[in-house]
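Step one of this worksheet: look at the structure below.
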Amino acid sequence: MSDRPAASSTDSSSTAPEKLWGGRFEESTDRFVEAFTASVGFDQRMAVEDITGSRAHATMLQRTGVLSAEDEQAIHAGLDAIEADIRAGVFEWSVELEDVHMNIEAALTARIGDAGKRLHTGRSRNDQVATDLRLWLRGASDHAEVECRRLLDGCLDLASRHVDVIMPGFTHLQTAQPVTFGHHVMAWFEMLLRDLERLRDARQRLNRMPLGAAALAGTSYPIDREITRDLLGFDALCENSLDAVSDRDFAIEFASATALCLMHLSRIAEELVLWTSAQFDFITLPDRFCTGSSIMPQKKNPDVPELVRGKSGRATGNLVALLTLMKGQPLAYNKDNQEDKEPLFDSADTLIDCLRAFADMIPAIEAKPAVMREAARRGFSTATDLADYLVGRGLAFRDAHAVVGRAVRHGVENELDLADMDYATLSSFSPAIGEDVFEVLTLEGSVASRSHRGGTAPESVRQAIARARERLASL
Ligand code: ARG
């Protein structure tokens, strides 16, 4: 048996508290409809923001002469007590009161009487909920930023300890050219730094205040939106009341930045999963980030990266849900928007948790330089260097490519890497090959030669890390 209220039936009307909007209604809400339309089960997460917004609204109403000083004081004292109850977990939420806003307003009136009834002057739940959501998301975004910065610092730490460690670089997951592990980690840094930029960029548009838009058209009370804006720490006002109460593009932007960041974390996770496998064996993750198998005693599974990879799907799903939620809505507020919260909360939670897990884990990665080096040595990763050497000796690049191709085929047939062949063998592929060829066939020579800005040479990576520290600090 379901413990949820049954769908429509004749005797299903509510016996609960009078609705705050009940005046024009002849019959009370159907029990199921009441539960179906309520959001208090999830929007109570915005309780503190709701109270913060109400405090500022009451202060503004008092300063503009709409509320008396006594009413304002009573409202503040009442809201303080309610906040304390909520934080202590003793506040009684009621589905009959539909959402966080009406629960708190009803509790306020129960506590302080008529002054509580005056709080909603010049305000609507429409501008209230839009304000609460922006305040909540601002806090969540700032939390995500802290974790993202910690992760970026972790990348810099890991990279700076491995600027000279050589590993194979891949295309098509096939060994391509040698790179340094520090360079690879700095690629992660670049991806994640753009994610941080996106979060901060979205925050600018997020941090604008809807309050004052009221239901949709503004209010006839002599409000001063600058006072509330300043009290609530918004950078600017939403300039149009219809837009202020209706659009959730700020939530979509956050969900989009989250989906991109989780996509990046998922790609990094995939590399960690591959690299911890016995087949690659490039790194180990400390035990605290792994779990065992209940049946196979030898197993140490990279659960944290796998779970992050899996959770990236939520972030994509939430973004699509929010875009779809918004796209059919005419101006201004529609109840559809109540559905914005759960996907948004989930995106924020997922982002913060995944960044946190990675921020802890990334700097704790233990590289295995000898294994990485051996993998780079196998697989002809310096073939391009040999071709470039031949170009230096006057061959056209295409001809050089063909010469090296023949040398590689010989290597494959005889299980020899290029650097393993003797000079007589190598020079048989082209008279342009001199005895100095072995200098370019070494892994160290190969990476060191890519010493321009953005290249994989240890010196370039050192400089990239130094610049990255400054870029991060200035963001
Ligand atoms: N719970 C509602 C929401 O989340 C609050 C706004 C309700 N406004 C209204 N006109 N029904 O969107």
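Sequential numbering of the sequence shown, starting at 52, is according to this note's numbering.
Note that CB positions come from ideal geometry on N, CA and C, so glycine has one too.
Does the beta-carbon of Gln389, which I'm using as the reference point, lie nearer than 6 Å to any heavy atom of the ligand ARG? Position 338 of the sequence shown, counting from 1, holds the residue named residue 389. Correct: Gln389 has its Cβ closer than 6 Å to the ligand ARG.
Straight-line gap, Pro219 to Ala499 (C-alpha atoms, nearest Å): One-based indexing of the sequence shown puts residue 219 at position 168. One-based indexing of the sequence shown puts residue 499 at position 448. Rounded to the nearest angstrom, the two C-alpha atoms are 14 Å apart.
To test your reading of the DSSP string, which unbroken alpha helix (DSSP H) runs of 4 or more residues are found completely within the region 152-199? 165-169
Answer yes or no: the CB of Val180 versus the heavy atoms of the ligand ARG, is any distance below 6 Å? Stepping through the sequence shown from its first residue, residue 180 is reached at position 129. Set against 6 Å, the gap from the CB of Val180 to the closest heavy atom of the ligand ARG is smaller.
Complete alpha helix (DSSP H) runs within the region 293-363 (minimum length 4 residues, chain order): 300-327
Identify the continuous alpha helix (DSSP H) that holds Met423 and give its terminal residues. Looking up residue 423 in the sequence shown gives position 372. In the DSSP assignment, Met423 falls within the alpha helix (DSSP H) that extends over 420-428.
Below 6 Å, is the gap between the Cβ of Asn154 and the nearest heavy atom of the ligand ARG? Numbered from 1 along the sequence shown, position 103 holds the residue referred to as residue 154. Not so, every heavy atom of the ligand ARG lies at least 6 Å from the Cβ.
Please determine whether the Cβ atom of Asp183 lies at a distance below 6 Å from any heavy atom of the ligand ARG. Against the sequence shown, residue 183 aligns to sequence position 132. Not so, every heavy atom of the ligand ARG lies at least 6 Å from the Cβ.
When DSSP builds the beta bridges, which residues end up paired with Ile217? By 1-based counting over the sequence shown, the position of residue 217 is 166. Answer by DSSP bridge pairing, in chain order: Thr231.
Inter-residue Cα distance where the pair is Thr507 and Asn369: Along the sequence shown, read from residue 1 onward, the residue named residue 507 stands at position 456. Along the sequence shown, read from residue 1 onward, the residue named residue 369 stands at position 318. Straight-line Cα distance between these residues: approximately 37 Å.
How big is the Cα-Cα spacing for Gln228 and Thr435? Along the sequence shown, read from residue 1 onward, the residue named residue 228 stands at position 177. Along the sequence shown, read from residue 1 onward, the residue named residue 435 stands at position 384. The alpha-carbon atoms of Gln228 and Thr435 are separated by roughly 7 Å.
Is any non-hydrogen atom of the ligand MN found closer than 6 Å to the C-beta of Ser90, if you look at the structure I gave you? The ligand MN is not part of the structure shown, which contains the ligand ARG as its ligands.
According to DSSP, residues forming a beta bridge with Glu417: Within the sequence shown, the letter at position 366 stands for residue 417. Per DSSP, Thr335.
What's the C-alpha gap between Glu304 and Ala253? Position 253 of the sequence shown, counting from 1, holds the residue named residue 304. Position 202 of the sequence shown, counting from 1, holds the residue named residue 253. Taking the straight line joining both Cα atoms gives about 6 Å.
Please list the terminal residues of the continuous alpha helix (DSSP H) segment that includes Gln124. Counting from one through the sequence shown, the residue named residue 124 turns up at place 73. It spans 120-139 - the alpha helix (DSSP H) in which Gln124 sits, taken as one unbroken run.
For my contact list, Cys199 and Leu406 are in at a C-beta cut-off of 8 Å; report their separation, rounded to the angstrom. Within the sequence shown, the letter at position 148 stands for residue 199. Within the sequence shown, the letter at position 355 stands for residue 406. Right, the Cβ-Cβ distance comes to about 5 Å (below 8 Å), so this counts as a contact.
Report the three-state DSSP secondary structure of Thr507 (helix, strand or coil). Position 456 of the sequence shown, counting from 1, holds the residue named residue 507. DSSP places Thr507 in coil when its eight states are reduced to three.
Would you give the residue range spanned by the alpha helix (DSSP H) that Thr103 belongs to? One-based indexing of the sequence shown puts residue 103 at position 52. From DSSP, the alpha helix (DSSP H) with Thr103 extends over 98-114.
Per-residue burial, Ser317 [other beta carbons within 10 Å of its own, 16 or more giving buried]: Locating residue 317 in the sequence shown gives position 266, counting from the first residue. Buried, because 16 or more other Cβ atoms sit within 10 Å of the Cβ of Ser317.
From the DSSP output, read off the bridge partner residues of Arg259. The residue given as residue 259 occupies position 208 in the sequence shown. According to DSSP, which records beta bridges pairwise, Arg259 is partnered with Ala287.
Taking the alpha-carbon positions, what's the Ile102 to Leu283 distance? Sequence index remark: in the sequence shown, residue 102 carries index 51 (1-based). Sequence index remark: in the sequence shown, residue 283 carries index 232 (1-based). Cα to Cα, Ile102 sits roughly 11 Å from Leu283.
If you reduce the DSSP assignment to three classes, tell me which class Asp275 lands in. Taking the first residue of the sequence shown as position 1, residue 275 is located at position 224. DSSP places Asp275 in coil when its eight states are reduced to three.
In the DSSP assignment, find the alpha helix (DSSP H) that holds Thr562 and state where it starts and stops. Residue coverage of the chain in this structure runs from 52 to 526, which leaves residue 562 outside it and unanswerable.
Could you check the C-alpha separation between Gln380 and Asp387 for me, to the nearest Å? Here residue 380 refers to the residue found at position 329 of the sequence shown. Here residue 387 refers to the residue found at position 336 of the sequence shown. Cα to Cα, Gln380 sits roughly 8 Å from Asp387.
Nonlocal neighbours in the same chain, by C-beta distance under 8 Å from Glu36, ignoring five residues either side: Because the chain here runs from 52 to 526, residue 36 falls outside it and cannot be looked at.
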